[in-house]
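Worksheet: the structure to be examined is printed underneath.
Number of protein chains: 2
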Amino acid sequence: MANNARFAEVASLAGDPARAGMLHALMDGRALTASELARVAGITPQTASGHLARLATAGLLTVEKQGRHRYHRLASPSVAQMMESIMQVASGLEAMRPPPVTGPKDAALRAARTCYDHLAGHLGVSLADALVAGGHVELMQDAGVVTDAGVALFRRIGLDVASLSGKTARLFCRPCLDWSERRPHLAGAVGRALCAHSLEEGWIRRLEGTRAVAVTPKGHRVFREAIGVR
Amino acid sequence: MANNARFAEVASLAGDPARAGMLHALMDGRALTASELARVAGITPQTASGHLARLATAGLLTVEKQGRHRYHRLASPSVAQMMESIMQVASGLEAMRPPPVTGPKDAALRAARTCYDHLAGHLGVSLADALVAGGHVELMQDAGVVTDAGVALFRRIGLDVASLSGKTARLFCRPCLDWSERRPHLAGAVGRALCAHSLEEGWIRRLEGTRAVAVTPKGHRVFREAIGVR
DNA sequence: AAAATGCTTCGGCCAGGACCGAAGCATCCC
DNA sequence: GGGATGCTTCGGTCCTGGCCGAAGCATTTT
Chain G
0 MANNARFAEV ASLAGDPARA GMLHALMDGR ALTASELARV AGITPQTASG
50 HLARLATAGL LTVEKQGRHR YHRLASPSVA QMMESIMQVA SGLEAMRPPP
100 VTGPKDAALR AARTCYDHLA GHLGVSLADA LVAGGHVELM QDAGVVTDAG
150 VALFRRIGLD VASLSGKTAR LFCRPCLDWS ERRPHLAGAV GRALCAHSLE
200 EGWIRRLEGT RAVAVTPKGH RVFREAIGVR
Chain Y
0 MANNARFAEV ASLAGDPARA GMLHALMDGR ALTASELARV AGITPQTASG
50 HLARLATAGL LTVEKQGRHR YHRLASPSVA QMMESIMQVA SGLEAMRPPP
100 VTGPKDAALR AARTCYDHLA GHLGVSLADA LVAGGHVELM QDAGVVTDAG
150 VALFRRIGLD VASLSGKTAR LFCRPCLDWS ERRPHLAGAV GRALCAHSLE
200 EGWIRRLEGT RAVAVTPKGH RVFREAIGVR
C-alpha cells in the first residue's frame with residue numbers, strides 16, 4: 000500500500016524531537032528564519048538546515064526566500080490541525096504518566112497562547128465558557144454554532160462574523176480540545192476571526208519568541224465587560 | 000519542554016511503516032490479534048510483539064487478553080482522529096507527487112470503507128452529497144448540522160438521531176475530509192450512528208481483513224430511494 | 001574589494017532501533 | 001500427559017538517520 004509509506008513518512012517527520020520543536024515554534028502561524036528555528040530546537044544551523052529541507056520537500060513547510068534570510072512557515076492549516084491532534088493524544092497519555100513539570104515559561108503558555116490561528120490555554124477556554132454561558136455559542140463534541148445573540152455580541156465588539164458565513168445561513172465554529180485545560184475552546188472560522196481581531200484591537204499581544212500571548216488591560220476590560228469572562 | 004518529548008514519542012511511534020500498517024488495520028475500530036496484525040504489517044510475530052508492546056505502553060492501544068489470544072484496539076477516538084489528520088496531510092502531498100498506484104485492493108478501499116467509526120470513500124462522500132442536496136444536512140468547512148427534514152429522514156430509515164443530541168436542541172455532525180475523494184463526508188455522532196445502523200440493517204457488510212465495505216443490494220435500494228444517492 | 005552574515009553541502013562519527021532466529025511461557029486441544 | 005497454537009523475551013546483526021566540524025555559496029554591508 001503506497002499510502003502507508005506516505006503516512007509513515009509524514010508521521011516520522013513530525014516524530015523527531017528537533018523537528019517537532021521547530022514545528023511547534025511555527026504553530027503560531029508566523030514565518031521564522033532557519034537560524035531562529037535552529038535555536039528553538041537546540042541544534043546547530045547545519046543540522047537544522049537538513050531538517051528544514053526535508054520538511055519542505057515533504058510539503059509540510061513552505062519556504063520564502065527574502066534576501067539572505069529564508070522564512071519558513073507551516074504549509075497549510077491541515078498541518079496545524081495534524082499537530083493539534085497529535086498533541087491531543089500526547090497530552091492524553093500525560094494523565095497517567097509522571098507529574099507535569101511546569102516551568103515558568105510553561106505557565107505563560109498555559110495561561111494564554113495561540114493554537115495556530117485561534118486562542119487556547121486558560122484564556123481560550125474561559126472565552127469559550129463565557130460565550131456558551133451567555134447563550135452566544137452552542138458547543139458540542141463535534142461542532143458548534145454561533146446563535147443570533149452571539150452574532151449581535153460579536154458585532155458589538157466590532158467583529159462582523161456574519162461575513163464569515165458561506166452560502167449557509169448558519170455560522171459554524173469548531174471546538175478544539177485544549178491540551179492543558181482538557182476542555183474545548185473556539186477554533187474554526189470564528190475562532191480565527193476572534194483571535195485576529197483581538198490582536199488588531201490590542202486586546203492581546205504576542206510574547207516574544209513563543210506562542211504565549213499576554214492580555215492587555217484594554218483586553219481584560221473587553222473580555223470581562225462585553226463577553227463576561229470570569 | 001517535556002511536552003515536546005511526548006509529542007515526538009507519539010508521532011515517531013506512528014511514523015514507523017510497520018506500526019503505521021498495524022494502526023491502519025485497526026482504524027475500523029475492531030480489535031485484532033497480534034498475529035493478524037503481524038501479517039498485515041508484513042513482519043514476523045516477534046517483531047510485531049515488540050511494536051505492539053510499545054504502542055500499548057505509550058497508550059495508543061489497549062490490549063484485551065482472551066484465552067491465548069490478545070486483542071488489540073485503538074485506545075481512544077482521539078487516536079483515530081490523529082490518524083485521520085495525518086492521512087489528511089499525507090494525501091495532500093500526494094497531489095504533487097508520483098501518480099497514485101491503484102491496485103485492485105485499493106479500488107475497493109476507494110469505493111467504500113470505514114474511517115474508524117463512520118463511512119468514507121466514494122460511498123461516504125456520495126451519502127454526504129445526497130444529504131446536503133436534499134436539504135437534510137448543512138455542511139461547512141468546520142462543522143455541520145442535521146436539519147429538521149434530516150431528522151425526519153433518519154427516522155424514516157429507522158435511525159433515531161434525536162437521541163444522540165446532548166443538552167442542546169441542535170444535532171451536530173463533523174465533516175471529515177476524505178483522502179481519496181478530497182471531499183467532506185459525515186463523521187461525528189451522526190456519522191457513527193449511520194455507519195453502525197447500516198451494518199446492523201445489513202445495508203453494508205465488512206470485507207474480510209480490510210477496512211473496505213461492500214454495499215448489499217438491500218443497501219443500494221435504501222441509499223438510492225430513501226436518501227437519494229446517485 | 002573585503003568582510004560579515006545566513007544558509008547549505010560534504011564527510012565522517014555514532015546511537016537508536018528495526019529485524020529475525022531461537023528459545024521460553026502460557027493456553028487450549030486431543 | 002503430549003502436542004499444537006499464540007505470544008513474548010533474549011541475543012545478535014545491520015542500517016537508517018541524527019549530529020557536528022569544516023568548507024562552500026549567496027547576499028548584504030563597509
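Here the protein sequences line up with chains G and Y, keeping their order. Going by numbering that gives the first Met the number 0, the first residue of the first sequence is number 0, and it counts up by one from there. Going by numbering that gives the first Met the number 0, the first residue of the second sequence is number 0, and it counts up by one from there. Virtual Cβ for every residue (Gly too), placed ideally from N, Cα, C.
The beta carbon of L22 of chain Y lies closer than 7 Å to those of A13, M82 in the same chain, with the five residues before and after it left out. DSSP places E63 of chain G inside the beta strand (DSSP E), whose first and last residues are 60-65. By the criterion of a C-beta distance shorter than 6 Å, V78 of chain G is surrounded in its chain by L59, once the five residues flanking it on both sides are discounted. For M21 of chain G, no Cβ of chain Y is located within less than 7 Å of the residue's own Cβ. Using a Cβ distance threshold of 7 Å, H196 of chain G and L158 of chain G count as a contacting pair. The Cβ of R5 of chain G sits closer than 7 Å to at least one Cβ of chain Y. Rounded to whole angstroms, the Cβ separation of H117 of chain Y and C194 of chain Y is 5 Å, and the two are in contact under 8 Å. Pairing A7 of chain Y with A47 of chain G gives a Cβ-Cβ distance that is not under 7 Å.
Chain-order list of chain G residues neighbouring S77 of chain Y: S84, Q87, V88, G91, L176, by C-beta distance under 9 Å. In the DSSP assignment, E35 of chain G falls within the alpha helix (DSSP H) that extends over 33-40. If you check the CB distance, G227 of chain G and A129 of chain G come in under 7 Å.
For S11 of chain Y, the nearest beta carbon of chain G is closer than 7 Å to its own beta carbon. For the set G:R191, G:W202, G:R154, G:A225, the Cα lying nearest the Cα of D141 of chain Y is the one of G:R191. For a Cβ distance threshold of 9 Å, residue set A7, A10, S11, G14 of chain G lies close to D15 of chain Y, ordered along the chain. A Cβ-Cβ contact shorter than 7 Å links C175 of chain Y with A186 of chain Y.
For G201 of chain Y, the secondary structure class from DSSP, reduced to helix, strand or coil, is coil.
By the beta-carbon neighbour count (other beta carbons within 10 angstroms, threshold 16), D15 of chain G is buried.
The three-state secondary structure of A57 of chain G, taken from DSSP, is coil. Counting along the chain, the unbroken alpha helix (DSSP H) around H23 of chain Y starts and ends at 16-24.
For E207 of chain G, same chain residues with a beta-carbon under 8 Å away, outside a window of 5 residues either side, do not exist.
Q45 of chain Y counts as exposed, since fewer than 16 other beta carbons sit within 10 angstroms of its beta carbon. DSSP places A213 of chain G within a strand segment (E or B) once states are collapsed to three. According to DSSP, residue pairing for L73 of chain Y in a beta bridge involves Y:L60. Per DSSP, A30 of chain Y is not a residue of any alpha helix (DSSP H), being assigned neither H nor E.
Rounded to whole angstroms, the gap between the alpha carbons of H71 of chain Y and A33 of chain Y is 7 Å.
In this model, S84 of chain G and S84 of chain Y are separated by some 7 Å (Cα to Cα). By the CB criterion at 7 Å, E199 of chain G and V124 of chain G fall outside the cutoff. For L185 of chain Y, the uninterrupted beta strand (DSSP E) run begins and ends at 183-186, by DSSP.
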